[in-house]
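Those protein sequence lines, which keep their order, are chains A and B.
Counting in our numbering, the first sequence runs from 219 upward without gaps.
Counting in our numbering, the second sequence runs from 219 upward without gaps.
Below is one structure, written out as structure tokens; comments come after it.
There are 2 protein chains.
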Amino acid sequence: MKRIVQKFGGTSVASVDRIRAVGKRIKAEVDSGNEVAVTVSAMAGETNRLVGYVDEVSSLYDACEYDVVVSTGEQVTSGLLALVLQQMGVNARSWLGWQVAISTDDAYGKARIMKINAELLDDRMKSGQVPVIAGFQGISPDNRVTTLGRGGTDTSAVALAAALGADRCDIYTDVDGVYTADPRIVSDARKLEKITYEEMLEMASVGTKVLQTRAVEMAMKHSQKVQVLSSFSDGSGTLVVDEDEIVEKELVSGIAYSSDEAKVTLVKVLDKPGVAAAIFGPLAEANINVDMIVQNVSEDGKATDLTFTVAQNDLERTVAKIEERHQDLGYGTLVHDSKVAKISVIGVGMRSHAGVAQTMFQTLAEKGINIQVISTSEIKVSVLIEEQYTELAVRALHSAYALGTL
Amino acid sequence: MKRIVQKFGGTSVASVDRIRAVGKRIKAEVDSGNEVAVTVSAMAGETNRLVGYVDEVSSLYDACEYDVVVSTGEQVTSGLLALVLQQMGVNARSWLGWQVAISTDDAYGKARIMKINAELLDDRMKSGQVPVIAGFQGISPDNRVTTLGRGGTDTSAVALAAALGADRCDIYTDVDGVYTADPRIVSDARKLEKITYEEMLEMASVGTKVLQTRAVEMAMKHSQKVQVLSSFSDGSGTLVVDEDEIVEKELVSGIAYSSDEAKVTLVKVLDKPGVAAAIFGPLAEANINVDMIVQNVSEDGKATDLTFTVAQNDLERTVAKIEERHQDLGYGTLVHDSKVAKISVIGVGMRSHAGVAQTMFQTLAEKGINIQVISTSEIKVSVLIEEQYTELAVRALHSAYALGTL
């Protein structure tokens, strides 16, 4: 007997018929003798509808009340799924965040789970009942409803799995796993059987939106085994695990890309101490996340060029923030470009192998693709290129590292 | 300074624009120096949408989970109205049933309020905050969500008003008060300034769906002053009060009608003890509510005709229940008719005045309308007539009792 937490996302519960299909999966797991707890998202489109109401009231809203409104979507799904399971003869009941309780901090709209009281759920599971927990929601120290931020049901699932001591946390979504590259671009992309938490984190941070970043961090912290798989097809998915559970580490696990980048270059910035802080301080205050940064060594010791990237929807605010300090910062001109893409090569294996970055640079050079900015971590090399070369670059790299199906 | 509980029904909060209009009414009450608490229904159509999901799953559902799903409509409205009020500069926050807490019994789907913990709300109101309480919902002894039955937000409002010691409970709806007759039928129908709880109860029970019956019972029990008024127009509505608050009691307060009746006649029923029990026992067990009953004295002491009415949507089940016991009951034939209407004359004044019923019978006779069944209470006379004469009867009676505008 295993204990399993299953999570079903919005497209998996988009209609009563889809909820019935989900019910069959749960029943199959129960019938095979396992203890199962389930957490669910709102029906596809519901959260957007509810957010739409809030936006219609005001763009500057009280996050407490936003959470009251938006959390109802998951409540509806949990009730409906419990009903569906009961109809199939499965002993089931719904649980809301406050009933469990899933205690969070008071950062309404993006709360963090502090503690899950697993006792009640644990008892019910031992007695053969399937708890169907509304995802995405918790209860604040003030006894109010909180939500965990978009995609937060992933985090609910992993946190519940950790609290319940689950053997596995199955994240059912509309893709059947994590691939070596986007299968829509690379025809011979291969589904990974296993991937490490660290790689998954890097993937999530460069736009492969299979799992919420925070959910991966939490899984890593608790060494909670997570499986990503499809609710629309059968077969196993991709296991996200500790590095030491992967015997044959691959040099490179995958190629990711993100077109949600914008490049900003300050030409002829004074090359003196404190300039970087003067530029990036105000951006941090404005909650603008700066990703890649590159500063050339100045030739004359007086002025240099500084380039960095931000998310495309932060570009306008970024430019405004910097231009209002033009005098203080003392740069020549500001140039920006949204037609860029970030291409990343990810793999824990590269830690112990030199030459991964070199292969990347050479492959892109052979295709005549110019590298604008480079950034690296222990297990990732990212480059910024012209957006129009995205697909060409991903395909070339996928082939260069021999990632395709054999 | 007065303390007022305001309730806004589904059509009053049907859109964000309508919620803004409601916000203005609340702000006006606050600005005039009063302490205000508000309770709200789901946006018009929401509850039906949610009930539709549940029905799609199963016609035989677990009422606990039904309540989890259906209660979300009021939660959404409470959050949105709190946001609207905040935007208008009114200090406001939403409250869910479990947060207050509004404790109910465990009759899911039609729960009764047992106790309201008014302390938290009371504190907030004294400090100038407007609580916006999700109507229709409570919390069961098992810590689960309950709902109070369709129209239950009226009951939430009256119960909150009683618990908070409110001077008045204002029920905002889409009509501007209680009329002497349906204004769509009687052009000179007059809005009543005041009406007693008892009269309001009789009105509610014969189809004038201005207030939920249970809400009126609760108001009567607590002598809670209630006002029914429109959120779509200005001006005062109708006050529902204790009888002794009405100085000039009118003989008749209003004429009500209901077309939701069906008549069943058992011809040649054996006239012996226990027959009525044998007929109505099985109907009661099947939860079929029998309204009017009339049994003629038998001429020969052997057989009589028995006529009674049930709600139209219970007719089919009623006939089935009785026909399956044809042998035991030993009646001749069963005749039924749905083309009937119940016309009622209501007024506390008739207690001390004879002749009210006589006026009714004579008026109908003059119009050539045959009376099929009669039933009376202390403050009501009801008759069953052919449905096609409904409007004629209501107009004639309204005029006979001189109820029109002067």
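Heads up, the beta-carbon is just placed ideally off N, CA and C, and yes, glycines get one too.
As the structure is a prediction and not an experimental result, all values here were calculated from the model.
Counting only Cβ pairs nearer than 8 Å, list the residues of chain B close to residue 315 of chain A.
Per Cβ cutoff of 8 Å: no residues; residue 315 of chain A is ~11 Å from chain B at best.
If you drop the 5 nearest sequence neighbours on each side, which residues of the same chain put their C-beta closer than 8 Å to that of residue 390 of chain B?
224, 225, 226, 227, 230, 240, 243, 447, 448 and 449
Using a Cβ-Cβ cut-off of 8 Å, state whether residue 290 of chain B counts as contacting chain A.
yes
Between residue 294 of chain A and chain B, is any beta-carbon pair separated by less than 8 Å?
yes
In three-state DSSP terms, what is residue 542 of chain B?
coil
If residue 497 of chain A sits next to residue 540 of chain A, beta carbons under 8 Å apart, how far is it from one beta carbon to the other, in whole angstroms?
7 Å between Cβ atoms; contact.
Which residues does DSSP list as the beta-bridge partners of residue 349 of chain A?
As computed with DSSP, residue 349 of chain A is found in a beta bridge with A/311.
Label residue 623 of chain B either buried or exposed according to how many other C-beta atoms from any shown protein chain fall within 10 Å of its C-beta, with 16 as the threshold for buried.
exposed
Just to make sure I have the definition right: I need the residues of chain B whose C-beta is within less than 7 Å of the C-beta of residue 276 of chain A. Which are they?
Under the 7 Å cutoff, chain B gives 301 and 305.
Assumed close pair residue 578 of chain B, residue 615 of chain B - CB separation to whole angstroms, cut-off 8 Å
6 Å
Exposed or buried, what is residue 551 of chain A when buried is set at 16 or more other beta-carbons lying within 10 Å of its beta-carbon?
It is exposed - the Cβ of residue 551 of chain A has fewer than 16 other Cβ atoms within 10 Å.
Near residue 271 of chain A, which residues of its chain fall below 7 Å by C-beta distance, leaving aside the five closest residues on each side in sequence?
Sequence-distant Cβ neighbours of residue 271 of chain A in its own chain, meaning closer than 7 Å and more than five residues away, are 287.
Residue 445 of chain B, enclosing beta strand (DSSP E) - first and last residue
444-448
Going by DSSP in three states, residue 621 of chain B sits in which element: helix, strand or coil?
Residue state, collapsed to three classes: coil.
Ordered list of alpha helix (DSSP H) runs contained in the stretch 359-383 of chain B, each at least 4 residues
370-381
If we count Cβ pairs, one from each stretch, closer than 8 Å, do we get three or more for the stretch 405-421 of chain B versus the stretch 601-608 of chain A?
no
Would you mind telling me which residues of chain A sit closer than 7 Å to residue 297 of chain B, beta carbon to beta carbon, in chain order?
What residue 297 of chain B touches in chain A: 283, 286 and 287.
Return helix, strand or coil for residue 616 of chain A, following the three-state DSSP convention.
helix
With a threshold of 16 other CB atoms inside 10 Å of the CB of residue 453 of chain A, please say whether the residue is buried or exposed.
Exposed is the call here.
Mind checking if residue 279 of chain A is an interface residue toward chain B, Cβ cutoff 8 Å exclusive?
yes
Under 7 Å by beta carbon: chain B residues contacting residue 326 of chain A:
None at all; the shortest Cβ gap to chain B is about 11 Å.
Using a Cβ distance threshold of 8 Å, determine whether the stretch 294-310 of chain B contacts the stretch 356-364 of chain B, with at least three qualifying pairs required.
no
Closer than 8 Å by beta-carbon distance: list the chain A residues that pair up with residue 268 of chain B, in chain order.
294
Would residue 455 of chain B and residue 385 of chain B be called neighbours here (beta carbons separated by less than 8 Å)?
no
Would residue 309 of chain A count as contacting chain B if we go by Cβ distances under 8 Å?
no
My guess is that residue 536 of chain A and residue 501 of chain A are in contact by the Cβ rule of under 8 Å, so how many angstroms apart are they, rounded?
6 Å
Please look up how many angstroms separate the CB atoms of residue 264 of chain A and residue 291 of chain A, rounded, as I've assumed it's under 8 Å.
4 Å
I'd like to know if residue 271 of chain B contacts chain A, where contact means its C-beta is closer than 8 Å to some C-beta of that chain.
At least one CB of chain A lies nearer than 8 Å to the CB of residue 271 of chain B.
Chain E residues whose Cβ lies nearer than 7 Å to that of residue 312 of chain B:
The structure shown contains no chain E; its protein chains are A and B.
Whole runs of the beta strand (DSSP E) within the stretch 457-542 of chain B, excluding any shorter than 3 residues:
472-488, 508-513 and 521-529
Taking 8 Å as the CB-CB limit, is residue 505 of chain A close to chain B?
no
Kindly give me the distance between the Cβ atoms of residue 381 of chain B and residue 258 of chain B, rounded to whole angstroms, as I take these residues to be in contact under 8 Å.
That belief does not hold up - the Cβ atoms of residue 381 of chain B and residue 258 of chain B are roughly 17 Å apart, past 8 Å.
Could you name the residues of the stretch 347-379 of chain A whose beta carbon sits closer than 7 Å to any beta carbon of chain B, in the order they occur along the chain?
Result list: 361.
Helix, strand or coil: how does DSSP classify residue 605 of chain A here?
In the structure shown, the three-state DSSP call for residue 605 of chain A is helix.
CB-CB length for residue 591 of chain A against residue 302 of chain B, believed under 8 Å
Their Cβ separation, rounded to whole angstroms, is 46 Å, which puts residue 591 of chain A and residue 302 of chain B out of contact at 8 Å.
At a Cβ cut of 9 Å, what residues of the stretch 460-487 of chain B count as close to chain A, listed as they run along the chain?
none
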